[in-house]
Amino acid sequence: MKKPHLQKQDKQLYTILKKEEDKQQYKLSMIASENFTSKAVREAVGSVFMNKYSEGYPKKRYYEGNYFIDELESLAIERAKKLFKLPTDWGVNVQPLSGSPANLAVYIALLKPHDKIMGMYLPDGGHLSHGWSYNPTPEKKGFAPNIMFYKGGKRKVNVSSKFFEAVQYKTNPKTKMFDYDEVEKIAIKHKPQLIITGGTAYPREIDYKRMKKIAKKVGAYYMADIAHEAGLIAAGVNKSPVGIADIVTMTTHKTLRCNRGAIILAREDLMKKINRAIFPGLQGGPHNHSIAGIAVGLKEAMAPTFKTYAAHIVKNAQRLAKELQTYGFDIVTGGTDKHLILVDLTNKGIFGKKFARALDCAGIIINYNTMPWETRPPADPSALRVGTPWITTRGMKEKEIVVIAKWFDEVMKIIATWEESKEDVPFADFNKKAQTSKELAKIANEVKKLCKQFPLDI
Ligand SMILES: Cc1ncc(COP(=O)(O)O)c(C=O)c1O
Numbered sequence: 054m055k056k057p058h059l060q061k062q063d064k065q066l067y068t069i070l071k072k073e074e075d076k077q078q079y080k081l082s083m084i085a086s087e088n089f090t091s092k093a094v095r096e097a098v099g100s101v102f103m104n105k106y107s108e109g110y111p112k113k114r115y116y117e118g119n120y121f122i123d124e125l126e127s128l129a130i131e132r133a134k135k136l137f138k139l140p141t142d143w144g145v146n147v148q149p150l151s152g153s154p155a156n157l158a159v160y161i162a163l164l165k166p167h168d169k170i171m172g173m174y175l176p177d178g179g180h181l182s183h184g185w186s187y188n189p190t191p192e193k194k195g196f197a198p199n200i201m202f203y204k205g206g207k208r209k210v211n212v213s214s215k216f217f218e219a220v221q222y223k224t225n226p227k228t229k230m231f232d233y234d235e236v237e238k239i240a241i242k243h244k245p246q247l248i249i250t251g252g253t254a255y256p257r258e259i260d261y262k263r264m265k266k267i268a269k270k271v272g273a274y275y276m277a278d279i280a281h282e283a284g285l286i287a288a289g290v291n292k293s294p295v296g297i298a299d300i301v302t303m304t305t306h307k308t309l310r311c312n313r314g315a316i317i318l319a320r321e322d323l324m325k326k327i328n329r330a331i332f333p334g335l336q337g338g339p340h341n342h343s344i345a346g347i348a349v350g351l352k353e354a355m356a357p358t359f360k361t362y363a364a365h366i367v368k369n370a371q372r373l374a375k376e377l378q379t380y381g382f383d384i385v386t387g388g389t390d391k392h393l394i395l396v397d398l399t400n401k402g403i404f405g406k407k408f409a410r411a412l413d414c415a416g417i418i419i420n421y422n423t424m425p426w427e428t429r430p431p432a433d434p435s436a437l438r439v440g441t442p443w444i445t446t447r448g449m450k451e452k453e454i455v456v457i458a459k460w461f462d463e464v465m466k467i468i469a470t471w472e473e474s475k476e477d478v479p480f481a482d483f484n485k486k487a488q489t490s491k492e493l494a495k496i497a498n499e500v501k502k503l504c505k506q507f508p509l510d511i
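Residue numbers (the working numbering): 54 to 511.
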């Protein structure tokens, strides 16, 4: 997209934008929660829809002049209904500003302050907004890891654990996967009013039917947060919780490949309360430009090509897991059903933070992450989370994945020879070495060449 006005009017900002564009173009973005939106989506987000205030819902607004905004929001709702194959007694809200406010709105709608919620323990793959709190270790560097489940840590990090009593469940210590019998036991013991599934770093599909059964048994609502896999579910590549869970929340900017935002789907009786919780309970005017982008992205996700795209995201992630295994990388749960893999670096002896920085210097952007039964501090955890949505948007397939896996191995081999990689050497020293490493820069150059073969049409 051309930006003549920005370039003329605000050189300082334009320069920053150009640098970000170049980075997105010439580095490999492999952060599981990111994607690259189409020009049409970005055009809608940058449109005059951003100028209109429209507190309320279609045909029930508090400001005049909303006839076209009503059309826009209704269109987004209809598209979400169609894409996610909503039962006739389900409704949609497209106004949440993002995933965390969407989840909070559901809690506000259906619970009283201090009611109990039960979500997955964050280091095992759960999200902050699912009730994250923890007990710090005595030296305050990390969290006490060796517990099977967790009832209300002292450090209440998120609003979801400050205003509600949060109980957490963990993965099975051997398989690092959901342990449904254990989840059931915890639910029976603590009787939460709401059970939540979904995660930021959980590579496997969730048995929504089993979770609904558990929720039903203890009289809880069941909310499936599909922030990460929304696009895979829309494409039919992963199973859908729609019609099984009571409420489904999602962000729109990950595998679904829209701009930043969120959608809530729920049975109509619950949706009435959720709508009131979003507005006037939690938010003011909706971001109509975001809703416009989401409407465009939802249309794109209905196209047959999106199905092929989503299938390729998973194929690429599965191939990456296999390739990395051949280089001795330990893949948590042995593989993936989705768009992301978790790499346990314990056997390599160089952990998440240093390896992630070295990869960045080699042109590959990923994030360091905790893993199930984590024993290290969250600021320098044991694992890497690697995702394939963005590189699949570029058109990369298995052939390119093989090369990318080789680069992971090469980077690890390079830094394994460095004094600075040792655990007791400060990160700043490592960073300096990585930023000036000719060997890493050489890989970054090869990455750039590959990126040029799969250009983002910025
Ligand atoms: C499972 C899950 N839920 C909610 C969110 C929150 O989304 P946002 O960052 O848009 O608030 C995320 C974000 O990564 C997520 O992974």
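Glycine is no exception: its CB is placed at the ideal position from the N, C-alpha and C atoms.
Note that the coordinates shown come from a computational prediction; the quantities given were computed from them, not determined experimentally.
Between the alpha carbons of H243 and G272 lies a gap of roughly 12 Å.
Short note on D63: C-beta not closer than 8 Å to any heavy atom of ligand 1. Between M264 and I279, the CB-CB gap reaches or exceeds 9 Å. Put simply, the region 334 to 342 touches the region 150 to 168. At least three CB pairs are less than 8 Å apart.
Take G388, set aside five residues on each side of it, and the residues of its chain with a beta-carbon closer than 7 Å to its own are Q371, A374, in chain order. Boundaries of the alpha helix (DSSP H) around M324: 321 to 329. The DSSP assignment places 120 to 136 as complete runs of the alpha helix (DSSP H) inside the region 113 to 150, in order along the chain (cut-off: 4 residues). In this structure, DSSP gives M103 a helical state, which the three-state scheme calls helix.
Straight-line spacing of the CA atoms in L136 and L509 works out to 26 Å. Linking Y233 to A268 through their CA atoms gives a straight-line distance of about 11 Å. In the three-state reduction of the DSSP assignment, Q221 falls in the strand class, which pools E and B. DSSP links N422 through a beta bridge to A436. Using a Cβ distance threshold of 9 Å, Q221 and G179 count as a contacting pair. It is roughly 9 Å from the alpha-carbon of H306 to the alpha-carbon of G350. When the Cα atoms are used, S490 and N400 turn out to be separated by approximately 24 Å.
In the three-state reduction of the DSSP assignment, K204 falls in the strand class, which pools E and B.
The criterion of a C-beta distance shorter than 9 Å is satisfied by K406 and P434.
According to DSSP, residue pairing for D397 in a beta bridge involves D383, A436.
Pairwise C-beta distances place the region 403 to 420 in contact with the region 484 to 500, as three or more of them are shorter than 8 Å. I384 is positioned such that its CB atom lies closer than 9 Å to that of V396.
M173 and G440 do not touch by the CB rule: their CB atoms are close to 18 Å apart, not below 8 Å. In this structure, M276 lies near I248, with their beta-carbon atoms less than 9 Å apart.
Listed in chain order, the alpha helix (DSSP H) elements of length 4 or more contained wholly in the region 346 to 373 amount to none. With respect to the 9 Å criterion, E124 and F332 are not classified as neighbours on the basis of their beta carbons. Per the Cβ contact rule, the region 351 to 361 is in contact with the region 113 to 132 (3 or more Cβ pairs under 8 Å). Under the three-pair Cβ rule at 8 Å, the region 97 to 112 does not count as touching the region 460 to 472.
Residue environment: L163 is assigned as buried (16 or more neighbouring CB atoms within 10 Å of its CB, all protein chains considered). Short of 8 Å from the beta carbon of W471, and not among the five residues preceding or following it, lie these beta carbons of its own chain, in chain order: F483, K486. Rounded to the nearest whole angstrom, the CA to CA distance from D299 to A469 is 49 Å. The continuous beta strand (DSSP E) containing G172 extends over residues 169 to 173. Residue environment analysis places G251 among the buried positions, since at least 16 neighbouring C-beta atoms fall within 10 angstroms of its C-beta.
In this structure W143 touches A319 by the C-beta definition: roughly 6 Å separates them, less than 8 Å. Listed in chain order, the non-local C-beta contacts of V290 below 7 Å within the same chain comprise A363, A364, V367, local neighbours out to five positions each way being set aside. Taking non-hydrogen atoms of ligand 1 into account, the C-beta of S182 is found less than 8 Å away from one of them. Approximately 6 Å separates the beta-carbon atoms of R313 and S151; this is inside 8 Å, confirming the contact.
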